[in-house]
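Chains as they are written, first to last, in full-length UniProt numbering: chain A, 1 to 401; chain B, 1 to 438.
Note that CB positions come from ideal geometry on N, CA and C, so glycine has one too.
Worksheet for the structure shown next.
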């Protein structure tokens, strides 16, 4: 620590170059901490489970052409065909898809004359949906075939039995979510008896605060754009995907819009977040490299300017280690000042930052870990030039100017 | 004089090749990153139709029975029955109702062309004049064809290439679902960015593959819920399409072109009047609140430019600042090493201004070279962005002339601004301090 005073004195004399480096470190620190935090936030969002079995769930979108007569009969036909395909565990129709970006939502009431208790997304289907998605029923029971109604449009307006997600039940009854069982949930002025609760099922919009508040009603819809959820036995995915068009395209008006794994729907839904994460990662790597260059350059410049001084110190008895320690400490001080400015700026600018870039404020532990990481980075970057400095021969003092 | 300084600059840069290269690379990386992200953001927020964006308005009507959202916003769609009523007006220069469906399209007799399920824009005849679509062959359908729900279509250039090998297909027919439709026009390449007229979340995707009259969709009872944003707050009478049309479901996007203030006020009065009439019939029970949203306001309201892209620009600017700070340190180091030369030049009569000029020119060279290299990096960056943002329109990842020039200027100016201090510091050098040691 004896070096501290001389270092501070030098810094005071040579303020500009170290100040620049400190400022650069401050900006780097701010960007890195924010970017890494954003990456981790997004990754957490993407990692949330959809609730369905992601490996073996297949989504088929096909039409029910009016030209072929009664839509309900066509729907039953399609389902029979899908279930008969080798490798298919179960299949169910559905009015929308998790994370599709398109869907139905509504406000919920416990009493039609009172205020809303929650809002959430809606899927209409039948008793096979739980198997078709691979959902986990945590309380109550599944629909019976006799509970199911079939309509062509507007299933949301029908009174019916419903299964809801645990998250929605917890939202309405925070203390004991099981209380929701057997009660009626009102939406669009009709009562819906809650007979079952599933662990998780995300609805249409990944960015929505209510993405986990989902209602499955016992009303299946048969309409022009028909979505099917198909649960496939492990490792049968490829053969089922191949078999579906052959079996389902039974007449010229029939068309299949898409056959894809539910995991693909999810990836598409998060494509913007995934792309942004990539961008942020590139920025982080780029910044780190540039800053290492900066620290390296600064150290080299300092050392070359002080070659004679170092030689003198060595000649007067300083060990190599002492020289190394001096420059390491100098770098640590500059970096710490930079990090300090960075933290201060982060705190002062936080509100503007949050508003301008719609970021969420970085938690304190991120700032702390970031600070340590940057200081370490500085020490590593400075290691090579400093080891060169230690090699400066004391004899250099004896040479002329 | 300046050409002499220029020569000196080149000489000096060549003397310290590593340092010069490092400076140029720093500037180039920073500029490359900034311009990559700025290009995407700039292209996103560009005015899609500059000569008339001030005259285009989206019609939003509060036909609901209770307050929607925070009370200020309205859905960007209106009901079919209101659409019918609004289309009667002759106040707007042009007016366009639009929706979309998905249909299986195939060639009539060429079995080699595999049928495709395509996105079809259904709209009224004014669409093509209002949005100034360029035609390769033929034209849009007439008002009469639109009214009669004629089975005609305008194809995009791409669809025409696929179905008819790019030939003039006007008058030819093709299979549209189960029916036969006639081609009436073929568009030339037309990719407005952002594609403002449709659903906000589709603003950076290509226009739909073909266009048919709105009434043709209605008459044939076509509907693809996935391609429509509909707000339904009341059940329709029954499952039939007819009662869907008379229901309170809001699903039609409606644009008008109002050339001046007078037309705007007149039209606002017209829609308010329509709302009042409907109120007397038991609709519009909530309030009389109708909006003509200017195109630019609509793009802002619906957040067509994503926050992510704005954030990316800010990150890149900070990145550039770090690069420039780094560059500044290098300059200080460089000019410090040249102290002897400065001292000598000052001693033999050069003024401070001369030194400043000489170094400024040297920095300009570094800046311009950095800018040009940065331009190259930015193009590489945009290429990478095209891969990463494959779901966005590739037109967003292209620089126009302004951006190209802007890139080099930004590099030049920022390197001079950040070089100002090192240059002035170098010019303050006392000749005597350097001459002593000689």
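By the 16-neighbour rule on beta-carbons within 10 angstroms, residue 379 of chain B is buried. Following the DSSP letters along the chain, one finds residue 40 of chain A inside the alpha helix (DSSP H) bounded by residues 16–47.
Cβ contact annotation for residue 105 of chain A (same chain, cutoff 6 Å, sequence separation greater than five): 121, in chain order. Straight-line spacing of the CA atoms in residue 94 of chain A and residue 189 of chain A works out to 22 Å. Proximity of chain A to residue 329 of chain B at the Cβ level (cut-off 7 Å) is accounted for by 17, 20, 21, 294, 297, 298, in chain order. It is roughly 19 Å from the alpha-carbon of residue 372 of chain B to the alpha-carbon of residue 322 of chain B. Look at residue 313 of chain B here: in three-state DSSP terms it is helix.
Taking the CA atoms as reference points, residue 213 of chain A sits about 31 Å from residue 388 of chain B. When DSSP states are grouped into helix, strand and coil, residue 231 of chain A belongs to the strand group.
Contacts between residue 407 of chain B and chain A, judged by CB atoms closer than 7 Å, are missing: the closest CB pair is about 18 Å apart. Burial check for residue 163 of chain B: the Cβ neighbour count within 10 Å reaches 16 or more, so the residue is buried.
The closest CA to that of residue 125 of chain A, considering only A:297, A:300, A:153, is found on A:153. Within 9 Å of the CB of residue 117 of chain B, the CB atoms of chain A belong to 63, 255, 256, 257, 258, in sequence order along the chain. Taking 8 Å as the cut-off, the Cβ atoms of residue 101 of chain A and residue 201 of chain B count as close.
As far as DSSP is concerned, residue 170 of chain B takes part in no beta bridge. At least 8 Å separates the CB of residue 347 of chain A from every CB of chain B.
Within the segment 48–76 of chain B, no residue has its Cβ closer than 7 Å to any Cβ of chain A. Just so you know, the alpha carbons of residue 145 of chain A and residue 151 of chain A end up roughly 15 Å apart. Look at the segment 118–166 of chain B and you find these whole runs of beta strand (DSSP E), each 3 residues long or longer: 135–138, 152–155. Residue state for residue 177 of chain A is assigned as helix, using DSSP reduced to three classes. Under the DSSP assignment, residue 191 of chain A falls in the beta strand (DSSP E) whose first and last residues are 190–198.
Between residue 217 of chain B and residue 99 of chain B, the C-beta gap is smaller than 8 Å, which places the two residues in contact. Burial is judged here by how many other beta carbons sit within 10 angstroms of a residue's own beta carbon; residue 246 of chain A has fewer than 16 and is exposed. Taking a 10 Å sphere around the C-beta of residue 171 of chain A, we find 16 or more other C-beta atoms and assign the residue as buried. Along the segment 167–197 of chain A, the positions whose C-beta sits under 8 Å from a C-beta of chain B are 188, read in chain order.
Residue 116 of chain A and residue 187 of chain A have their C-alpha atoms spaced approximately 9 Å apart. Among the CB atoms of chain A, none fall inside 8 Å of the CB of residue 362 of chain B. For the set A:311, A:372, A:275, A:364, the Cα lying nearest the Cα of residue 399 of chain A is the one of A:311. Using beta-carbon distances, residue 99 of chain B does not count as an interface residue toward chain A, since no partner is under 8 Å.
For residue 93 of chain A, the enclosing beta strand (DSSP E) stretches over residues 88–94.
In summary, residue 269 of chain B is exposed, with fewer than 16 beta-carbon neighbours lying within 10 Å of its beta-carbon over all protein chains present. Using beta-carbon distances, residue 153 of chain B does not count as an interface residue toward chain A, since no partner is under 8 Å.
Cβ contact annotation for residue 109 of chain A (same chain, cutoff 8 Å, sequence separation greater than five): 115, 116, 117, 185, 186, 187, in chain order. Three or more beta-carbon pairs separated by less than 8 Å link the segment 6–22 of chain B to the segment 356–364 of chain B, which places the two stretches in contact. Counting other Cβ atoms within 10 Å of its Cβ, residue 291 of chain A reaches 16 or more and is therefore classed as buried. Assignment of residue 124 of chain A by DSSP, reduced to helix, strand and coil, places it in the strand class.
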